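Asker: I'd like to ask some things about the structure below.
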Amino acid sequence: GAVVSQHPSRVICKSGTSVKIECRSLDFQATTMFWYRQFPKQSLMLMATSNEGSKATYEQGVEKDKFLINHASLTLSTLTVTSAHPEDSSFYICSARAGGPNQPQHFGDGTRLSIL
Amino acid sequence: GNSVTQMEGPVTLSEEAFLTINCTYTATGYPSLFWYVQYPGEGLQLLLKATKADDKGSNKGFEATYRKETTSFHLEKGSVQVSDSAVYFCALSLTNTGNQFYFGTGTSLTVIP
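Taken in sequence, the protein lines are chains A and B. FYI, in this note's numbering the residues of the first sequence are 386 to 501. FYI, in this note's numbering the residues of the second sequence are 4 to 116.
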């Protein structure tokens, strides 16, 4: 149980395009979803936290107009990288949690984004 | 503040060698501690966890003991296999920060036959 599916797993696109990444909880209702970014050979850095039906909370230094997060249902959150540039190339990972803070987070397999 | 410090890699071991990856933490409160593993091109998978002092987490031959006195959670395995090659992340979470995770920088392990 507790499977989180992330799609696509890899995307390559031209600079200036917008890219949408989906994060789905397949067998549970995710009241909270988290988006992380991982640069090569570095750790995961939390970008934002989203609760179903409300606006996402962004970490300091993360541009909310650049990284649009929508958590419209209890099983789906999306991250849209708008007008992507090469410096946005990274590994993006989502995680999902059912219930309150004491519940575990379950991670997706990540999305490798490459901007040319 | 809250942070996790891991030993730097990469680590290269021969098959059946003993593995230790050091992890120490700083936390404002009483954290839960985790080890996650990331295989190439994949997301994170929970390897083991411990939620209070002196707890030992174990899975797939890996072990780690929550040491409050030394604020450590070192990962060990007695005999590594080629299939253990991956990046290992130590992490903590605190309920007073909404269970936000704080990750170490990761330690890359390569096991050679």
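C-beta: ideal position from N, C-alpha, C; glycine also. Being a predicted model, the structure only gives us computed values, none of them experimental.
On a CA-only basis, which of A/K426, A/L459, A/Q427 and A/F424 is nearest A/A483? Give me that one, please.
Answerer: Ranking the options by Cα distance to A/A483, first place goes to A/L459.
Asker: With respect to the beta strand (DSSP E) encompassing B/K63, which residues constitute its N-terminal and C-terminal limits?
Answerer: First-last for B/K63: undefined, no H or E at that position.
Asker: From B/L97, B/L112 and B/T110, pick the residue whose C-alpha is nearest to that of A/Q488; which is it?
Answerer: Ranking the options by Cα distance to A/Q488, first place goes to B/L97.
Asker: With a threshold of 16 other CB atoms inside 10 Å of the CB of A/H470, please say whether the residue is buried or exposed.
Answerer: Under this definition A/H470 is an exposed residue.
Asker: Cα separation between B/A56 and B/R70?
Answerer: Rounded to whole angstroms, B/A56 to B/R70 spans 6 Å at the Cα level.
Asker: Would you mind sorting A/L411 into buried or exposed? The rule is 16 or more other CB atoms within 10 Å of its CB.
Answerer: The residue is exposed, with fewer than 16 neighbouring Cβ atoms inside 10 Å.
Asker: Are the C-beta of B/G107 and some C-beta of chain A separated by less than 8 Å?
Answerer: Yes, its Cβ sits closer than 8 Å to a Cβ of chain A.
Asker: Express the C-alpha separation of A/D494 and A/Q414 in angstroms, rounding to a whole number.
Answerer: Each residue's alpha carbon lies about 18 Å from the other.
Asker: In whole angstroms, what is the alpha-carbon distance linking A/V388 and B/G109?
Answerer: Cα to Cα, the separation comes out at about 23 Å.
Asker: Our contact map puts A/Y477 next to A/L498 with C-beta atoms below 8 Å; I'd like the distance itself, whole angstroms only.
Answerer: Between A/L498 and A/Y477 the Cβ distance is about 6 Å, and since that is below 8 Å, they are a contact.
Asker: Taking all protein chains shown into account, decide if A/R395 is buried (16 or more other Cβ within 10 angstroms of its Cβ) or exposed.
Answerer: Exposed is the call here.
Asker: Do we get a CB-CB distance below 8 Å when we pair A/G493 with the residues of chain B?
Answerer: So yes, A/G493 belongs to the interface.
Asker: Decide if B/Y33 is buried, meaning its Cβ has at least 16 other Cβ atoms within 10 Å, or exposed.
Answerer: Classification of B/Y33: exposed, given that the 10 Å Cβ count is below 16.
Asker: Using the beta-carbon of each residue, which ones in chain A are nearer than 8 Å to B/F92?
Answerer: S428 and L429, listed in chain order.
Asker: With a CB to CB cut of under 7 Å and the five nearest residues on each side skipped, what residues in its chain are close to A/E444?
Answerer: Hits under 7 Å: L431, M432 and A433.
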